[in-house]
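S.K.: Numbering (my numbering), first residue to last: 50 to 368. From the three backbone atoms N, C-alpha and C, an ideal C-beta is built for every residue, glycine too.
1. In the DSSP assignment, what residue or residues form a beta bridge with residue 238?
2. Closest to residue 160 by C-alpha separation, out of 361, 292, 309, would be which residue?
3. Does the distance from the CB of residue 194 to the CB of residue 140 come in under 9 Å?
4. Compute the Euclidean distance between the alpha carbons of residue 172 and residue 256, then round it to the nearest angstrom.
5. Please classify residue 119: does DSSP put it in a helix, a strand, or coil?
6. Quick test of your reading: residue 336 and residue 306, contact by CB under 8 Å. State the CB separation rounded to the nearest angstrom.
7. With DSSP as the reference, label residue 210 as helix, strand or coil.
8. Are the region 148-166 and the region 118-138 in contact at 8 Å, needing three or more beta carbon pairs?
9. Give the DSSP-derived three-state secondary structure of residue 136 in the structure shown.
10. Looking at the unbroken alpha helix (DSSP H) that takes in residue 299, where does it start and where does it end?
11. Can you check which of these residues, 272, 242, 363, is closest to residue 323 by C-alpha distance?
12. In three-state terms, what does DSSP make of residue 114?
13. Residue range of the alpha helix (DSSP H) that residue 252 falls in?
14. Under the DSSP definition of a beta bridge, which residues are partnered with residue 270?
15. In whole angstroms, give me the CA-to-CA distance for residue 332 and residue 104.
16. Take residue 83 as the anchor and find which of 110, 99, 328 has the nearest alpha-carbon.
17. With a threshold of 16 other CB atoms inside 10 Å of the CB of residue 92, please say whether the residue is buried or exposed.
18. Please classify residue 279: is it buried, with 16 or more other beta-carbons within 10 angstroms of its beta-carbon, or exposed?
19. For the candidate residues 85, 87, 81, 98, whose alpha-carbon lies nearest to that of residue 309?
20. Kindly give me the distance between the Cβ atoms of residue 346 and residue 143, rounded to whole angstroms, as I take these residues to be in contact under 8 Å.
21. What did DSSP end up calling residue 345 once you bin it into helix, strand or coil?
22. Would the region 282-296 and the region 207-215 be scored as touching if the rule is three or more Cβ pairs under 8 Å?
23. State the start and end residues of the unbroken beta strand (DSSP E) segment that holds residue 322.
24. With 16 other CB atoms within 10 Å as the buried threshold, where does residue 357 fall?
25. So, with DSSP's three-state summary, where would you put residue 91?
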């Protein structure tokens with residue numbers, strides 16, 4: 050067998066190396082970072098459906114993994130065990146999460162949205178005032194935004210936390226119990242709230258207007274914020290852009306949500322119509338609102354120890 054001459058052998062080696070280069074290049078361009086987003090039914094669902102955030106992060110070599118959750122507390126449990134890096138949540142869950150030692154970092158906040166949570170009763174219920182709720186079976190998702198709302202609602206009407214007869218149920222189970230009549234009232238947020246109004250004929254006894262602000266928060270972990278500030282800045286920009294578009298195009302936004310969530314459009318028309326829009330950076334004043342919630346929950350022994358909310362502030366918090 051004729052051997053390959055040295056110059057030819059070098060040519061073969063060079064050619065083989067050149068052939069291998071595209072696969073190595075492809076490997077180098079594969080995503081080097083991952084953003085795992087947990088989301089509830091709402092604006093982040095639309096962001097996922099449109100794919101705009103994925104496209105913006107692709108040039109940074111960031112891939113997104115999306116997971117839907119039914120409520121904030123389970124999202125924050127996922128953060129605590131390292132399953133997600135970012136999510137959206139109501140006012141109360143971050144307090145419980147921080148008290149449990151979660152590595153929580155507040156990233157951004159919505160404006161106040163008090164009309165988007167309420168106490169519901171059946172249409173023909175004899176319950177007509179907040180005072181009538183004393184001792185009645187009231188369902189809510191433990192540790193969620195509505196948990197704080199019902200505490201402050203009772204306080205506003207001269208009732209104590211001990212006057213509450215709470216039944217802790219996630220939204221789907223609470224709706225089933227509400228339909229069966231095994232509870233007297235249900236404290237819930239949109240779009241579950243709007244769905245119960247439109248499809249069950251539920252009556253709003255009281256919403257959060259004049260009671261609590263009901264902000265939503267976008268959160269991450271302290272470690273992820275420290276290493277991926279550029280990623281989170283883009284995420285916040287995209288969320289704010291969607292919020293502003295939604296405010297100006299409520300009918301289209303409701304239609305898009307209806308298709309994504311599988312809910313009738315009239316339900317989303319109601320939910321979207323009464324919401325408020327806009328995302329703001331985290332400030333000390335906003336975290337002072339959260340500190341009030343934390344102090345209330347500690348006083349009621351709902352959390353085992355006092356917490357300092359500022360310890361969950363991302364670097365560079367505004368004054």
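M.R.: If we stick to the structure as given:
1. Locating residue 238 in the chain shown gives position 189, counting from the first residue. Note: residue 238 sits in a beta bridge opposite 166.
2. The residue given as residue 160 occupies position 111 in the chain shown. Closest by alpha carbon: 292.
3. Sequence index remark: in the chain shown, residue 194 carries index 145 (1-based). Sequence index remark: in the chain shown, residue 140 carries index 91 (1-based). Result yes, Cβ atoms of residue 194 and residue 140 sit closer than 9 Å.
4. Translated into the one-based positions of the chain shown, residue 172 becomes position 123. Translated into the one-based positions of the chain shown, residue 256 becomes position 207. Distance between the alpha carbons of residue 172 and residue 256: 16 Å.
5. Taking the first residue of the chain shown as 1, we reach residue 119 at position 70. In the structure shown, residue 119 sits in coil (DSSP, three-state: anything other than H, G, I, E or B).
6. Your numbering for residue 336 matches position 287 in the chain shown. Your numbering for residue 306 matches position 257 in the chain shown. About 30 Å separates the two Cβ atoms, so there is no contact after all.
7. For the purposes of this step, residue 210 is identified with residue 161 of the chain shown, where counting begins at 1. Looking at residue 210 - three-state DSSP - the assignment turns out to be helix.
8. The count of Cβ pairs closer than 8 Å, one atom from the region 148-166 and one from the region 118-138, reaches three, so the stretches are in contact.
9. Here residue 136 is taken as the residue at index 87 of the chain shown, counted from 1. Reduced to three states, the DSSP call for residue 136 is strand.
10. Counted from its first residue, the chain shown places residue 299 at position 250. Element bounds for residue 299: 299-310.
11. Taking the first residue of the chain shown as position 1, residue 323 is located at position 274. Per the Cα distances, 242.
12. Walking along the chain shown from the start, residue 114 turns up at place 65. In this structure, residue 114 counts as strand in the three-state DSSP scheme.
13. Sequence index remark: in the chain shown, residue 252 carries index 203 (1-based). Per DSSP, residue 252 lies in no alpha helix (DSSP H) segment; the continuous beta strand (DSSP E) that holds it begins and ends at 252-256.
14. Translated into the one-based positions of the chain shown, residue 270 becomes position 221. For residue 270, which the question treats as bridged, DSSP gives the partners 153.
15. The count along the chain shown starts at 1 and reaches residue 332 at position 283. The count along the chain shown starts at 1 and reaches residue 104 at position 55. When rounded, the distance between both Cα atoms is 29 Å.
16. To locate residue 83, count along the chain shown from 1; it is residue 34. If we check each option's Cα against that of residue 83, 110 comes out closest.
17. On the chain shown, residue 92 is found 43 positions in, with the first residue counted as 1. Classification of residue 92: buried, given that the 10 Å Cβ count is 16 or more.
18. Taking the chain shown and counting its residues from 1, one reaches residue 279 at position 230. So residue 279 ends up on the exposed side.
19. Position 260 of the chain shown, counted from the start, is the residue given in the question as residue 309. Nearest of 85, 87, 81, 98 to residue 309, Cα basis: 98.
20. Here residue 346 refers to the residue found at position 297 of the chain shown. Here residue 143 refers to the residue found at position 94 of the chain shown. With a Cβ gap of about 11 Å, residue 346 and residue 143 do not count as contacting.
21. Taking the first residue of the chain shown as 1, we reach residue 345 at position 296. In this structure, residue 345 counts as helix in the three-state DSSP scheme.
22. no
23. In the chain shown, residue 322 corresponds to position 273, counting from 1. Careful: residue 322 lies outside any beta strand (DSSP E), inside the alpha helix (DSSP H) at 314-323.
24. In the chain shown, counting from the first residue as 1, residue 357 sits at position 308. Residue 357 is exposed by the Cβ-count criterion.
25. By one-based count along the chain shown, residue 91 stands at place 42. In this structure, residue 91 counts as coil in the three-state DSSP scheme.
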